[in-house]
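Q: Below are the structure tokens for one structure; questions will follow.
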Amino acid sequence: MFQVIQLENGDNEVVPKSWIKENKVLWSNIARTYAEKNYNPRRTWKLEKCVTCFDNACFDTYEKALEKCKILKEITDSSHQSVDSSMVHSRCKTKKQESDFEYYADNYQSSYDEDTNDELPLDDLPSMSEEENDETLTDTTAGIQPDTVTELNNPQFNGVEKATVAMSNPDGSLDITDLLPSLCKCSDVKDELKNAFNREISELRKDIKEIKAALMENSNRIETFMFQSKREWEVLKINIQNININPKFSQNDMDKELESIFQEVLPLSCIENLKVLNDLLLEEKRENYFVKKIRQIGGKDAKSTLMNIIKTCFTMEFQRMCNWSGANKKIKLQGSKVIEIIIKFMLENFHLTKIDIEGHLKYIFQHSYDRFKLETKQRNQSTIVHERT
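Residue numbers (the UniProt record's numbering): 1 to 389.
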């Protein structure tokens, strides 16, 4: 959809309806081409005020809107021509003025009317031959002294005297352009243009100031980014150097380091060791190593495997100090990191439910004292047999 608008300078133009925002439009010298192709305007164009014509009517095509715009231009031009013709005397033909000056010829008009009243009709003028006409022209031009020419060129020379001198031309014609310095007054357009120019300069300076501030901010950000990048690069170089210095560092070395850590903690013999082990297992690589260790323990079935894991991770004395729920002032194992990892391992490798595994753990820690007595008795008997032999 297209609309006909009138800009601040009085020009009528055709633009797409989407260009008009709150009686304002982006405009430039190449805007007509963009409007004809129904392209979007550029943001770099100047934002000008506008008024929609034909009661805000919309047209389907650019050509229809252009026809209406041409009609409006013809009406506007004809009205301007009628106004201009009324401002010029019927007997004084002048060129079309393309300036913003207003002409005031009050003094000249009065004197001109007086002179024209005394004129003879054209039929009563005496006829002159070409030779007499040439002599008259020679006498007339010879009679003008240099001082008179200087006065004619002087802007302070009043309009009446200039008109009198101009009327002394042989053909009786008057060049209105000779009267411009004394008969024209500057309108307020000059002041408006000056104010508009100063306003544009002020806005331009403001925009330049904002752009400078934005550039300074971006420059500071870039410097900060470059500094951080340089620092990270230095750290990366140090890490690369360390890798080059220790090229034989591998997974085996890491396993040895973890092995030494777990050897200090396992098997658990007190509550302090249990707390330390729970903290160690919070790290993923240590948890993976712990799962790897209990997978190597094995057993005949799920119950025997779980029993062997508990014997490896807990000493017999510490088993007596623990139970599942923490009843009877014993250490509570339910919810600890070690027990959670063991339950997860059993669920992944055996066809058991979580309830079954928790039941086996309760039984193991509940009868730990009986097993302790049985194992102690068996150990003592083996010692006696060994001494006899």
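By construction, the Cβ of each residue, glycine as well, lies at the ideal position given by its N, Cα and C atoms. Predicted, not measured: the structure shown is a model, and the values here were computed from it.
By Cβ distance, which residues of its chain are closer than 7 Å to arginine 286, with the 5 residues on each side in sequence left out?
A: Translated into the one-based positions of the sequence shown, residue 286 becomes position 286. Excluding residues within five positions, the ones whose Cβ falls inside 7 Å are Leu258 and Leu280.
Q: Residues in the same chain with beta-carbon distance under 8 Å from tryptophan 45, minus the five sequence neighbours each way, listed in chain order, please.
A: As a working mapping, residue 45 is identified with position 45 in the sequence shown. Leu26, Trp27, Ser28 and Ala31.
Q: Where does glutamine 263 fall in DSSP's three states?
A: Numbered from 1 along the sequence shown, position 263 holds the residue referred to as residue 263. The answer is helix: DSSP assigns glutamine 263 an H, G or I state.
Q: For tryptophan 233, which three-state DSSP category applies?
A: To locate residue 233, count along the sequence shown from 1; it is residue 233. Residue state, collapsed to three classes: helix.
Q: Lysine 73 to asparagine 12, Cα distance in whole Å?
A: Start at 1 with the first residue of the sequence shown, and residue 73 comes out as number 73. Start at 1 with the first residue of the sequence shown, and residue 12 comes out as number 12. For lysine 73 and asparagine 12, the distance between alpha carbons rounds to 7 Å.
Q: In the DSSP output, which residue or residues are listed as bridge partners for tryptophan 324?
A: Here residue 324 refers to the residue found at position 324 of the sequence shown. DSSP output for tryptophan 324 lists no bridge partner at all.
Q: When you compare only the Cα positions, how much space is there between lysine 64 and glutamine 6?
A: In the sequence shown, counting from the first residue as 1, residue 64 sits at position 64. In the sequence shown, counting from the first residue as 1, residue 6 sits at position 6. Computed Cα separation, rounded: 17 Å.
Q: Using three-state DSSP, classify phenylalanine 225 as helix, strand or coil.
A: In the sequence shown, counting from the first residue as 1, residue 225 sits at position 225. Helix.
Q: Quick one: what's lysine 49 bridged to in DSSP?
A: Counted from its first residue, the sequence shown places residue 49 at position 49. Bridge partners of lysine 49: Lys24.
Q: Using DSSP's beta-bridge definition, name the partner residues of proline 16.
A: On the sequence shown, residue 16 is found 16 positions in, with the first residue counted as 1. Looking at the DSSP assignment, proline 16 forms a beta bridge with Phe2.
Q: Are there 16 or more other CB atoms within 10 angstroms of the CB of asparagine 323, so buried, or fewer, so exposed?
A: The residue labelled residue 323 in the question sits at position 323 within the sequence shown. Flag for asparagine 323 reads buried.
Q: For glutamate 8, which residues in the same chain have their Cβ closer than 7 Å to its Cβ, ignoring the five residues on either side in sequence?
A: Sequence index remark: in the sequence shown, residue 8 carries index 8 (1-based). Excluding residues within five positions, the ones whose Cβ falls inside 7 Å are Glu48 and Lys49.
Q: Which partner residues does phenylalanine 59 have in the DSSP bridge list?
A: Position 59 of the sequence shown, counting from 1, holds the residue named residue 59. Bridge partners of phenylalanine 59: Phe2.
Q: Considering only C-alpha positions, which residue in the set Val265, Pro267 and Leu361 is nearest to serine 325?
A: As a position in the sequence shown, residue 325 is number 325, starting the count at 1. Ranking Val265, Pro267 and Leu361 by Cα distance to serine 325 puts Leu361 first.
Q: Just to confirm, is the Cβ distance from leucine 347 to lysine 354 under 8 Å?
A: Counting from 1 along the sequence shown, the entry for residue 347 is found at position 347. Counting from 1 along the sequence shown, the entry for residue 354 is found at position 354. Contact: yes.
Q: My understanding is that isoleucine 294 touches phenylalanine 262, with C-beta atoms under 8 Å, so please give their C-beta distance in whole angstroms.
A: In the sequence shown, counting from the first residue as 1, residue 294 sits at position 294. In the sequence shown, counting from the first residue as 1, residue 262 sits at position 262. Contact doesn't hold; Cβ gap of about 11 Å is too wide.
Q: When the Cα atoms are used, what is the spatial distance from glycine 335 to asparagine 380?
A: In the sequence shown, residue 335 corresponds to position 335, counting from 1. In the sequence shown, residue 380 corresponds to position 380, counting from 1. Going by the C-alpha atoms only, they are around 36 Å apart.
Q: Please report the Cβ distance between residue 462 and cysteine 58, rounded to the nearest whole angstrom; I am assuming they are in contact, meaning their Cβ atoms lie under 8 Å.
A: An answer regarding residue 462 cannot be provided, because it is not within the stretch 1 to 389 covered by the chain.
Q: Judging by CA-CA distance, which residue of Gly10, Leu306 and Leu333 is the nearest neighbour of phenylalanine 318?
A: Within the sequence shown, the letter at position 318 stands for residue 318. Closest by alpha carbon: Leu333.
Q: Using the C-alpha atoms, what's the distance from glycine 298 back to lysine 275?
A: The residue given as residue 275 occupies position 275 in the sequence shown. The residue given as residue 298 occupies position 298 in the sequence shown. Taking the straight line from one Cα to the other gives about 25 Å.
Q: Ignore the nearest five residues each way along the sequence and tell me which others in isoleucine 331's own chain have a CB closer than 6 Å to its CB.
A: For this step, residue 331 is matched to residue 331 along the sequence shown. Once the five neighbours on either side are set aside, the close Cβ partners of isoleucine 331 are Ile271, Met321 and Cys322.
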